[in-house]
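Inspection log for the structure reproduced underneath, given as structure tokens.
Numbering (the numbering used here), first residue to last: -9 to 178.
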């Protein structure tokens, strides 16, 4: 007998209840108002931007959030020779990987999930110039009960593909107030 898959809302509510029973902190305090009837943030993109701003790694790497919508986000980082050059005097592949990994977890947040990377496959296509900008765009491909699959495209300012990434992330818990499906394009 094939088990019936639970709806996203049921999984969301169960993950919140399970985490609360185990004493796992569900959320950082927010300044964004929640709808008293639904318990959802009235401006979900603003809440995601708030979560983004609190991330120390993003601040350290000077990563900026450009766009956020359900199942998608776009970030960028400027490359600086003195900080990002490797021994061959090109942008270190680890910088490209770090930016792509940053977009993976943030993309999971857009569907209400706190997640960490279990595995990722980065395919490098070309390098990027110094004193330029790395853009990374993430897309949720699949949401399971314990993992979420996210892909990312890393590009240069001309839109040329620098790298592609496919990753599996472990779902740690759900963010209260950010559902798996939402639309609020007027806030972007």
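Backbone N, C-alpha and C define an ideal beta-carbon position, used for all residues, glycine too. No experiment lies behind these values; they were computed from the predicted model shown.
Residues bridged to residue 154 [DSSP beta-bridge criterion]: 113 and 143
With a threshold of 6 angstroms on Cβ separation, who are the neighbours of residue 109 within its own chain once the five nearest residues in sequence on each side are excluded? 158
Only counting the same chain, and skipping five residues up and downstream in sequence, which positions put a Cβ closer than 6 angstroms to that of residue 24? 31 and 167
Would you call the CB atoms of residue 34 and residue 172 closer than 8 angstroms? yes
I'd like to check one pair, residue 59 with residue 153: are the Cβ atoms closer than 8 angstroms? no
Terminal residues of the continuous alpha helix (DSSP H) containing residue 47? 46 to 51
Element boundaries [beta strand (DSSP E), containing residue 123]: 123 to 133
Hey, out of 94, 119, 129 and 148, whose CA is closest to residue 82's CA? Comparing alpha carbon positions, the residue from 94, 119, 129 and 148 closest to residue 82 is 119.
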